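Enquirer:
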Amino acid sequence: MAEDTLSATSITNNLGTRFIGRRVLYYPSLTSTMEVAKEEARQGAVEGTVVIADEQTGGRGRLKRAWLSPRGNIALSIILYPSLSCLSSLIMLASLAVVHSIESTTGLKPQVKWPNDVLIKGKKVCGVLIESDVQRTKVSYSIIGIGINVNLKLADFPEIQPVATSLSDELRKEVSRLSLVRHLLVEVERLYLTLSAGGSLYEEWRSSLVTLGKKVRVTADETVYEGVAESVARDGSLLLRSLDGKLTKIVAGDVTLRD
Ligand code: BT5
3 MAEDTLSATS ITNNLGTRFI GRRVLYYPSL TSTMEVAKEE ARQGAVEGTV VIADEQTGGR
63 GRLKRAWLSP RGNIALSIIL YPSLSCLSSL IMLASLAVVH SIESTTGLKP QVKWPNDVLI
123 KGKKVCGVLI ESDVQRTKVS YSIIGIGINV NLKLADFPEI QPVATSLSDE LRKEVSRLSL
183 VRHLLVEVER LYLTLSAGGS LYEEWRSSLV TLGKKVRVTA DETVYEGVAE SVARDGSLLL
243 RSLDGKLTKI VAGDVTLRD
């Protein structure tokens with residue numbers, strides 16, 4: 003796909019945003035966009051700076067897990083300086099921006115699995131990683147890392163094939179990464195402006211969650227909880243109803259859906 007070549011100018015050209023993606027640092031290959039973004043943020047990079055790579059050789063997920071991001075995928079990090087009150091909503095913002103941009107670019111209907119996965123037909127198409135530096139009550143920076151399986155043949159990656167999918171595998175044709183990235187950045191800005199103006203993403207995020215009402219097993223800090231995912235709190239925590247009726251609030255963890 004000729005138009006699918008990523009570059010800083012092809013991404014920023016006529017993007018129409020005020021600050022997200024006005025500055026783009028593009029790399030053919032990087033260890034992880036999170037590392038470069040973090041260094042940039044520490045040096046005071048302008049808000050909305052995007053670090054994007056065609057390929058990551060050491061992409062990572064939460065808890066130092068590996069994130070596969072070969073060529074054909076989208077791997078990017080966005081630098082933000084949010085207020086403390088917006089911090090817990092960034093995961094909602096990132097997941098919704100991915101859902102909206104995949105919908106508008108491909109017509110597919112993704113769902114969100116608490117806390118940070120975007121799924122298509124139950125399989126993971128995107129992972130979100132948010133890393134923030136908070137000093138006392140001030141956020142020094144937040145970095146939103148987004149990895150989307152775009153043009154990836156899952157048959158070539160048996161280690162994740164049972165749990166993952168890609169847009170090209172779903173559609174049986176390649177998808178323009180450039181178009182998807184541009185939609186994504188516009189959407190990130192729109193939702194970030196909503197949050198910064200005191201708006202909430204909670205209702206829409208909650209209704210996009212595939213997790214709610216399901217029997218789940220949640221692993222959090224080496225503790226395993228079982229029960230029904232009853233709801234999510236406004237700060238994004240999961241509210242789990244155990245068999246004994248107890249309601250537990252879980253801030254972060256891994257969910258397995260049980261039929
Ligand atoms: C995540 O972690 O899902 C967050 C992934 C964030 C990746 C982006 S890419 C840009 C930026 N730069 C980085 O280095 N990272 C961010 P977690 O919930 O911990 O899920 C990790 C698990 O997902 C792994 O243990 C695998 O089981 C699975 N996995 C790995 N690569 C995958 C892929 N490409 N597609 C679907 N699942 C994958």
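At position 82 of the sequence shown (counting the first as 1) the number is 84 in our numbering, and the numbers step up by one without a gap. Each residue gets a CB set at the ideal place from its N, CA and C atoms; glycine is no exception. Keep in mind the model is a prediction, meaning the values are calculated, not measured.
(1) Closer than 8 Å is the cut-off here; do at least three beta carbon pairs connect the segment 180-190 with the segment 11-18?
(2) So, helix, strand or coil for Glu133, using DSSP?
(3) Name the one or two DSSP bridge partners that Arg67 has.
(4) Regarding Asp119 and ligand 1, is the C-beta to nearest heavy atom distance less than 7 Å?
(5) For a test of the three-state rule: what should DSSP assign to Val183, helix, strand or coil?
(6) Rank Gly229, Asp256, Gly255 and Gly238 by C-alpha distance to the C-alpha of Lys1 and give the top, closest one.
(7) With a threshold of 16 other CB atoms inside 10 Å of the CB of Ala68, please say whether the residue is buried or exposed.
(8) Which same chain residues, not among the five before or five after Arg73, have their C-beta less than 7 Å away from its C-beta?
(9) The alpha helix (DSSP H) with Val100 in it runs from where to where?
(10) Indicate, with yes or no, if ligand 1 has a heavy atom lying under 7 Å from the CB of Arg62.
(11) With which residues is Lys125 paired in a DSSP beta bridge?
(12) Indicate the three-state DSSP secondary structure (helix, strand or coil) for Leu176 in the structure shown.
(13) Taking 8 Å as the cut-off, does the segment 209-224 touch the segment 29-49 (at least 3 CB pairs, one atom from each stretch)?
(14) Going by beta carbon distance, what residues of the same chain come within less than 8 Å of Ile13, once the five residues before and after it are set aside?
(15) With C-beta atoms as the reference, is Val120 less than 8 Å away from Ser97?
(16) With distances taken between CB atoms, is the gap from Pro117 to Ala10 smaller than 8 Å?
(17) Does ligand 2 have a heavy atom nearer than 7 Å to the CB of Lys126?
(18) For a test of your reading of the model: does the CB of Ser110 fall under 7 Å from any non-hydrogen atom of ligand 1? Yes or no.
(19) Taking only the alpha-carbon atoms, compute the straight-line gap between Pro164 and Ser244 and give it to the nearest angstrom.
(20) With a threshold of 8 Å, are at least 3 pairs of Cβ atoms found where one atom belongs to the segment 83-99 and the other to the segment 192-205?
(21) Can you list, in chain order, the residues of its chain whose CB lies under 7 Å from that of Val101, leaving out five sequence neighbours each side?
(22) If you draw a straight line from the alpha carbon of Ala99 to that of Leu259, how long is it in whole angstroms?
(23) Rounded to whole angstroms, what is the Cα-Cα separation between Lys175 and Leu169?
(24) Taking the alpha-carbon positions, what's the Ile148 to Asn75 distance?
(25) Can you tell me whether DSSP reads Gly23 as helix, strand or coil?
Expert: So, to answer that:
(1) Short answer: they touch.
(2) Within the sequence shown, numbered from 1, the residue matching residue 133 stands at position 131. Residue state, collapsed to three classes: strand.
(3) Position 65 of the sequence shown, counting from 1, holds the residue named residue 67. Answer by DSSP bridge pairing: none, since Arg67 is not bridged.
(4) As a working note, residue 119 is residue 117 in the sequence shown. Checking the Cβ of Asp119 against ligand 1 gives yes.
(5) Translated into positions along the sequence shown, residue 183 becomes position 181. Three-state result, Val183: helix.
(6) Lying outside 3 to 261, the shown extent of the chain, residue 1 is not represented and no answer is given.
(7) For the purposes of this step, residue 68 is taken as the residue at position 66 of the sequence shown. Exposed.
(8) Position 71 of the sequence shown, counting from 1, holds the residue named residue 73. Same-chain partners within the cutoff: Asp56 and Glu57.
(9) Counted from its first residue, the sequence shown places residue 100 at position 98. Val100 -> alpha helix (DSSP H) spans Leu92 to Thr108.
(10) Along the sequence shown, one-based indexing puts residue 62 at 60. Correct: Arg62 has its Cβ closer than 7 Å to ligand 1.
(11) Within the sequence shown, residue 125 is the residue found at index 123, counting from 1. Paired residues: Ile122.
(12) Translated into the one-based positions of the sequence shown, residue 176 becomes position 174. A quick correction: the sequence has Glu, not Leu, at residue 176. Judged by DSSP in its simplified three-state form, Glu176 adopts coil rather than helix or strand.
(13) When Cβ pairs closer than 8 Å are counted between the two stretches, the segment 29-49 is seen not to touch the segment 209-224, the count staying below three.
(14) Position 11 of the sequence shown, counted from the start, is the residue given in the question as residue 13. Beyond the five residues adjoining it in sequence on each side, Ile13 comes within less than 8 Å, by CB distance, of Gly23, Val26, Tyr28, Val52, Ile54, Leu180, Val183, Arg184 and Leu187 in the same chain, given in chain order.
(15) For the purposes of this step, residue 120 is taken as the residue at position 118 of the sequence shown. For the purposes of this step, residue 97 is taken as the residue at position 95 of the sequence shown. In this structure, Val120 sits near Ser97, with a CB-CB distance shorter than 8 Å.
(16) Position 115 of the sequence shown, counted from the first residue, corresponds to residue 117. Position 8 of the sequence shown, counted from the first residue, corresponds to residue 10. For Pro117 and Ala10, no; Cβs fall outside 8 Å.
(17) As far as ligands go, the structure on display features ligand 1 and does not contain ligand 2.
(18) The residue labelled residue 110 in the question sits at position 108 within the sequence shown. Sequence inspection shows Leu at residue 110; the Ser mentioned does not correspond to that position. Outside the cutoff, so no.
(19) Position 162 of the sequence shown, counting from 1, holds the residue named residue 164. Position 242 of the sequence shown, counting from 1, holds the residue named residue 244. The alpha-carbon of Pro164 is positioned some 28 Å away from that of Ser244.
(20) Taking one beta carbon from each stretch, the segment 83-99 and the segment 192-205 have 3 or more pairs nearer than 8 Å; the two touch.
(21) On the sequence shown, residue 101 is found 99 positions in, with the first residue counted as 1. Answer for Val101: Pro112, Val114, Val120 and Ser210, listed in chain order.
(22) Locating residue 99 in the sequence shown gives position 97, where the first residue counts as 1. Locating residue 259 in the sequence shown gives position 257, where the first residue counts as 1. If I take the Cα positions, the gap works out to 23 Å.
(23) Looking up residue 175 in the sequence shown gives position 173. Looking up residue 169 in the sequence shown gives position 167. When rounded, the distance between both Cα atoms is 8 Å.
(24) Counting from one through the sequence shown, the residue named residue 148 turns up at place 146. Counting from one through the sequence shown, the residue named residue 75 turns up at place 73. Taking C-alpha positions only, Ile148 is separated from Asn75 by approximately 10 Å.
(25) As a first step, residue 23 is located in the sequence shown; it is residue number 21 there, counting from the start. Note: Gly23 maps to coil in three-state DSSP.
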